[in-house]
Structure formats: C-alpha cells, structure tokens
Amino acid sequence: MSTADIGLIGLAVMGSNLALNIAEKGYTVAVHNRSAGRVDEHMADAKAQGLDGNTIPKYDLADFVQTVKAPRSIIIMVKAGQPVDDMIEQLLPHLEAGDAIIECGNSLFTDTQRRFDYLKPKKIGYLGVGVSGGEEGARHGPSIMVGGSEEQWHNAEAVLTAIAAKFDGESCCAYLGEGGAGHFVKTIHNGIEYGDMQMIAEVYGVMRDGLGMSAKECADVFKEWNNGPLNSYLIEITGHVLDAVDAETSKPLVELILDKAGQKGTGVWSAIVAQQMGVPATAIEGAVAARSISSRKAERVAAEAIYGKPDRQKTDVTLADLEKALLAGKIVSYAQGFAVIAKASEENGWALPLATIAKIWRAGCIIRSRFLDQMSSAYAKGEATNLLVVPDFVTIMKDSHPSLRKVVAAAAMGEFPMVCLSAALSYFDSYRQARGTANLIQGQRDFFGAHGFEIEGRGSDLHGTWPSTLGK
Ligand code: 6PG
Numbered sequence: 027m028s029t030a031d032i033g034l035i036g037l038a039v040m041g042s043n044l045a046l047n048i049a050e051k052g053y054t055v056a057v058h059n060r061s062a063g064r065v066d067e068h069m070a071d072a073k074a075q076g077l078d079g080n081t082i083p084k085y086d087l088a089d090f091v092q093t094v095k096a097p098r099s100i101i102i103m104v105k106a107g108q109p110v111d112d113m114i115e116q117l118l119p120h121l122e123a124g125d126a127i128i129e130c131g132n133s134l135f136t137d138t139q140r141r142f143d144y145l146k147p148k149k150i151g152y153l154g155v156g157v158s159g160g161e162e163g164a165r166h167g168p169s170i171m172v173g174g175s176e177e178q179w180h181n182a183e184a185v186l187t188a189i190a191a192k193f194d195g196e197s198c199c200a201y202l203g204e205g206g207a208g209h210f211v212k213t214i215h216n217g218i219e220y221g222d223m224q225m226i227a228e229v230y231g232v233m234r235d236g237l238g239m240s241a242k243e244c245a246d247v248f249k250e251w252n253n254g255p256l257n258s259y260l261i262e263i264t265g266h267v268l269d270a271v272d273a274e275t276s277k278p279l280v281e282l283i284l285d286k287a288g289q290k291g292t293g294v295w296s297a298i299v300a301q302q303m304g305v306p307a308t309a310i311e312g313a314v315a316a317r318s319i320s321s322r323k324a325e326r327v328a329a330e331a332i333y334g335k336p337d338r339q340k341t342d343v344t345l346a347d348l349e350k351a352l353l354a355g356k357i358v359s360y361a362q363g364f365a366v367i368a369k370a371s372e373e374n375g376w377a378l379p380l381a382t383i384a385k386i387w388r389a390g391c392i393i394r395s396r397f398l399d400q401m402s403s404a405y406a407k408g409e410a411t412n413l414l415v416v417p418d419f420v421t422i423m424k425d426s427h428p429s430l431r432k433v434v435a436a437a438a439m440g441e442f443p444m445v446c447l448s449a450a451l452s453y454f455d456s457y458r459q460a461r462g463t464a465n466l467i468q469g470q471r472d473f474f475g476a477h478g479f480e481i482e483g484r485g486s487d488l489h490g491t492w493p494s495t496l497g498k
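Take 27 as the starting number for the sequence shown in this note's numbering and just add one per residue.
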C-alpha cells in the first residue's frame with residue numbers, strides 16, 4: 027500500500043531530524059536506512075515525540091519505495107560524494123517515470139548538475155536541495171534552497187515549504203533554478219558563513235589580546251551586540267560559546283578548545299567558483315585561508331619560537347569601533363557573495379532570484395540575520411547587484427568604514443592577524459576608487475609579453491616601445 031506522502035533515506039542526525047520535522051507537520055513519511063538498527067532507533071525517537079503515527083519504518087528498499095505515493099518524492103540524506111551516486115543507482119530500478127530523488131546533503135553543485143542531467147532522459151526528476159540550520163534547524167525549521175527539476179519540485183513543494191523556518195509567516199524555502207542551482211546557492215551561503223565566523227573570531231582576538239577582556243566579558247559584549255544592527259544567529263551563539271564553562275576545570279570552555287578550525291569543503295568550493303568566474307570574493311577566500319593557517323598548529327608554534335611572541339600592546343580601538351568594523355566587513359562579504367551568485371546565475375542561465383535568496387536566509391539558516399531583510403528589500407526593488415552601491419548600504423558603509431579602517435590599522439600595528447577584515451577593507455577601497463594602479467600591471471604585461479594595453483581615445487591592444495633588459 028502506498029500511504030506515505032514522502033520517503034526519506036539516511037537516518038543520521040540531519041536525516042532523522044528532517045523526518046521528525048516532516049511527521050510533526052502532519053505528513054506521513056516512510057523512512058529507510060542501510061542499517062536496520064538505525065531505523066529502530068529513529069522509530070523509538072519518533073514514538074517518544076508522539077510522531078510514530080506519521081512515520082512508516084521500512085527495512086527493504088523496494089518495499090520502502092512502494093510505500094511512497096506516486097509520483098514519488100524521495101529524500102536522500104547520505105554523505106556527499108560517491109555515496110549519493112551509489113544511492114541513486116540502488117534506487118533507480120525501483121523508480122517510475124515522474125518520480126523524484128531529492129538530495130539534501132552539502133553536495134558540490136557540479137555533481138548535482140551531472141546527476142540531474144543523468145536522470146533527466148530516464149524521466150526521473152532530481153532536486154539538489156541545500157538545507158541549512160544544523161540539527162536544530164532540520165528538526166524545527168531549516169532554510170531550504172531548492173534546485174533541479176521544476177515539475178517534481180511542485181510534487182514536494184507542500185512538504186518542503188511546511189518544514190522550513192518561517193520569517194514573518196513566510197516560509198524560508200524556495201525553488202531557485204534548474205540543475206545545480208540549489209546546491210550552488212547553499213555553497214555560497216556556506217562561504218558567507220565562513221566569512222562571518224572568521225570576522226567574529228578576528229574581533230574576538232582584539233578583545234581578548236588587545237583589550238585584555240575575559241571570555242565572560244567578551245560574551246556579554248556579543249550578547250549586547252545581538253540587540254543592535256549585528257543581530258544574527260552567529261553573533262548570538264558566539265555569546266553562548268564564550269559564556270560556556272568547562273565542568274572539569276571551571277575555566278571558560280573556549281579557552282580550552284584547540285585553536286585549529288576544521289572545514290569540510292564548501293568554503294573552498296565557493297572561493298574556487300568565485301575565482302573561476304572572475305568575481306572577487308576576498309572575504310570568503312580570506313576565511314578559508316585563515317582556517318587553513320589555523321590547522322597548521324605545529325608550524326605556527328615553530329614560527330612563534332623564531333619570531334617571538336607577537337608584541338600585542340594595549341590597543342586604543344573601542345568596542346564601538348569593533349562593532350562597526352564587523353558590520354562594515356560583513357556588508358562587504360555579503361556584497362561579494364551576492365555578486366558571485368549573480369554572476370553564476372548569468373553564466374548558467376539560472377535566473378537566480380537574489381531577493382528571494384536573501385528572504386529565505388532571513389530565518390532557519392546559519393547566516394540568518396536582521397540585515398538580510400534589508401538586503402531582500404533592496405534586491406526586490408531591483409537595486410544594483412553589488413550591495414556597496416545600494417543606497418541603504420551606502421549609508422551604513424559611510425558610517426562604518428572609518429571604524430573598519432581604524433580596527434585593521436590597529437591590528438596591523440598591534441600584530442593581530444586580520445585576514446578577513448583586512449581583505450574586506452581592501453576590497454572596499456579597491457571597489458570605490460575610480461582610478462587604481464592596474465595601468466602599471468598592464469605596462470608590465472606588455473613589457474615582458476606584448477599583451478597590449480588600452481589608452482582612452484587611442485584604442486585597445488596598443489604596445490609600448492620598451493628598452494631591452496637582456497644581457498644587462
Ligand atoms: C549549515 C552549515 C552546514 C555545514 C557546517 C560545517 O548551513 O547548516 O553550513 O551545512 O556543514 O557548518 O561546515 P564546515 O565543517 O565546513 O565548517
């Protein structure tokens with residue numbers, strides 16, 4: 027009997043929470059997992075939460091597929107990479123034309139595009155869906171970025187819209203475009219997430235080592251900032267992370283955690299795709315590089331022994347400067363991220379809706395913040411794709427870039443690394459200057475490679491008469 031509205035394969039943390047969320051919204055979900063034990067554990071969780079009535083456990087894949095009403099929507103929540111391809115192959119013999127596979131992991135968007143193209147002639151829909159918000163989001167309302175087969179999206183639309191987070195009653199779930207569009211947008215979301223996190227960490231460094239603040243004092247400042255223009259999930263959780271105390275030592279937990287950041291790849295993908303398309307995304311690149319430097323702990327320890335401990339004098343930057351610097355840096359970073367999305371949209375013919383993307387990031391996802399509402403309004407009005415020239419943001423930048431400048435300068439003199447905030451400042455300074463210095467680069471390129479340059483009024487592909495340096 028086909029009684030389930032939707033099927034879900036892969037009951038690790040994210041999959042299990044999504045299935046509970048679906049059941050809670052009144053839909054019947056069939057669940058399956060490679061190991062039967064995990065299905066049983068999920069059913070025990072569902073029972074404990076009164077959701078077992080809407081959950082159908084299935085131990086056999088063919089039986090699982092038959093339980094889902096046709097045309098079928100089957101969510102797969104397995105590890106990104108080969109396991110996704112393997113799962114598709116296992117499912118294929120059991121699916122019928124019109125059914126859809128909905129892949130909700132952090133997949134590389136070009137893989138999603140390949141899978142979409144592979145399944146299209148077989149008349150199987152493929153949705154590559156970015157789900158943001160961690161475990162809690164999956165359970166109570168994530169932000170959901172959908173890409174892929176539009177027809178099959180409509181079959182799953184009611185369920186996905188119902189389980190997503192809501193902002194002012196509007197669901198944070200939207201169909202964004204064909205093929206890999208959903209996973210592409212999720213990747214850039216993560217790149218922006220990296221930038222936000224790194225900038226927060228840089229500001230924390232100045233508080234801790236320049237202003238001599240304790241973890242508790244830092245926590246209080248982040249909590250206060252969360253009531254102002256920086257209001258966002260990441261600022262909020264930073265307050266909680268800094269506040270946590272280790273039960274064993276009674277010390278702030280954050281001081282015991284090793285200063286080596288992990289990364290699973292989405293930040294790197296965003297930086298690569300931005301570079302490939304020729305869109306500067308220096309905040310994302312900086313954030314990825316900062317994580318990579320952080321992971322080289324042994325090298326850093328050795329280098330400190332050579333150069334000596336950084337000479338971190340007391341700085342004269344104020345907390346108000348740090349707050350504004352973070353705001354300015356964040357705006358630059360989002361301006362870059364949205365510019366990457368706009369360019370990818372053009373290159374892939376996706377027509378990605380920038381206003382909708384900003385809207386579905388207002389709740390549920392890791393980068394949710396107050397100012398995304400302002401961004402979505404700007405894009406809805408059809409204002410420029412680069413936020414740095416959108417009137418509302420021009421006003422904020424004019425007010426806050428002097429603080430970013432002050433903080434970056436103080437960091438340089440105080441021997442604080444500021445990979446991301448300084449990258450944001452340099453981008454801003456490069457972007458807002460009508461006359462830069464690439465004229466010299468063009469001269470150099472022509473000198474050694476006859477690459478040509480342009481002189482206004484005289485034409486492009488011009489060459490200089492350069493002296494020979496050979497034999498000198
Ligand atoms: C989200 C997050 C999530 C991501 C983690 C870890 O939007 O819910 O982006 O998808 O997997 O943040 O990413 P890293 O391990 O690369 O930091």
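In this text, a Cβ means the ideal position worked out from N, Cα and C, and glycines have one as well.
Quick caveat: nothing in here was measured; it's all calculated off a predicted structure.
Please state whether the Cβ-Cβ distance between residue i and residue j is less than 7 Å.
{"i": "A245", "j": "D272", "result": "no"}
{"i": "G363", "j": "I214", "result": "yes"}
{"i": "Y152", "j": "S175", "result": "yes"}
{"i": "T81", "j": "A38", "result": "no"}
{"i": "S169", "j": "I128", "result": "no"}
{"i": "L398", "j": "W387", "result": "yes"}
{"i": "V94", "j": "A188", "result": "no"}
{"i": "A351", "j": "V433", "result": "yes"}
{"i": "K385", "j": "S402", "result": "yes"}
{"i": "Y360", "j": "L380", "result": "no"}
{"i": "T292", "j": "A365", "result": "no"}
{"i": "I467", "j": "E219", "result": "no"}
{"i": "F90", "j": "H68", "result": "no"}
{"i": "A207", "j": "G156", "result": "no"}
{"i": "Y53", "j": "V185", "result": "yes"}
{"i": "M40", "j": "A164", "result": "yes"}
{"i": "D34", "j": "V65", "result": "At residue 34 the sequence reads Leu, which differs from the Asp that was named. Not closer than 7 Å, so no."}
{"i": "M239", "j": "V211", "result": "no"}
{"i": "K290", "j": "S320", "result": "no"}
{"i": "G36", "j": "V104", "result": "yes"}
So what does residue i bridge to, in DSSP terms?
{"i": "G173", "result": "G154, G203"}
{"i": "V271", "result": "P278"}
{"i": "P147", "result": "Partner(s): none; P147 has no beta bridge."}
{"i": "F135", "result": "The partner list for F135 (beta bridge, DSSP) is empty, contrary to what the question assumes."}
{"i": "T81", "result": "V55"}
{"i": "F193", "result": "E196"}
{"i": "S395", "result": "S258"}
{"i": "L87", "result": "Bridge partners of L87: none, in fact."}
{"i": "V327", "result": "Per DSSP, none; premise fails for V327."}
{"i": "V94", "result": "A30"}
Rounded to a whole number of angstroms, what is the C-alpha to C-alpha distance between residue i and residue j?
{"i": "V343", "j": "I102", "result": "49 Å"}
{"i": "A74", "j": "A190", "result": "22 Å"}
{"i": "M113", "j": "S158", "result": "22 Å"}
{"i": "N43", "j": "E161", "result": "7 Å"}
{"i": "D222", "j": "K356", "result": "6 Å"}
{"i": "N216", "j": "L134", "result": "12 Å"}
{"i": "L580", "j": "A96", "result": "This structure cannot settle anything about residue 580, because the visible part of the chain is limited to 27 through 498."}
{"i": "N465", "j": "A476", "result": "14 Å"}
{"i": "L237", "j": "V280", "result": "17 Å"}
{"i": "V327", "j": "P278", "result": "23 Å"}
{"i": "L348", "j": "K340", "result": "15 Å"}
{"i": "F142", "j": "A354", "result": "39 Å"}
{"i": "D24", "j": "S456", "result": "The displayed coordinates of the chain run from 27 to 498. Any statement about residue 24 would go beyond what the structure contains."}
{"i": "E177", "j": "A389", "result": "26 Å"}
Give the range of the beta strand (DSSP E) segment to which residue i is assigned.
{"i": "D487", "result": "485-488"}
{"i": "S240", "result": "No beta strand (DSSP E) holds S240; DSSP gives it neither H nor E."}
{"i": "S99", "result": "99-102"}
Which stretch, first to last residue, makes up the alpha helix (DSSP H) that contains residue i?
{"i": "I298", "result": "292-303"}
{"i": "I127", "result": "Note, I127: premise wrong, no alpha helix (DSSP H); beta strand (DSSP E) at 126-129."}
{"i": "F479", "result": "From DSSP, F479 is part of no alpha helix (DSSP H) but of the beta strand (DSSP E) over 479-481."}
{"i": "I467", "result": "464-475"}
{"i": "G312", "result": "308-321"}
{"i": "I35", "result": "No alpha helix (DSSP H) holds I35; the beta strand (DSSP E) holding it covers 32-35."}
{"i": "T421", "result": "417-439"}
{"i": "A370", "result": "345-374"}
{"i": "A449", "result": "445-457"}
Under 6 Å from any heavy atom of the ligand PLP, does the C-beta of residue i make it?
{"i": "K146", "result": "Looking at this structure, you won't find the ligand PLP anywhere; what it does contain is the ligand 6PG."}
Hey, is residue i's beta-carbon within less than 7 Å of any beta-carbon in chain D?
{"i": "D66", "result": "The structure shown contains no chain D, having only a single protein chain."}
| said: Is it the case that the region 309-319 contacts the region 447-467, given that we only count it when at least three CB pairs across the two stretches are under 8 Å? | reply: The answer is yes - the region 309-319 touches the region 447-467, with three or more Cβ pairs under 8 Å.
Q) Do three or more CB pairs link the region 35-50 to the region 63-78 at distances below 8 Å? A) yes
- prompt: Would you call the region 289-304 and the region 424-438 in contact, with 3 or more CB pairs under 8 Å?
  reply: no
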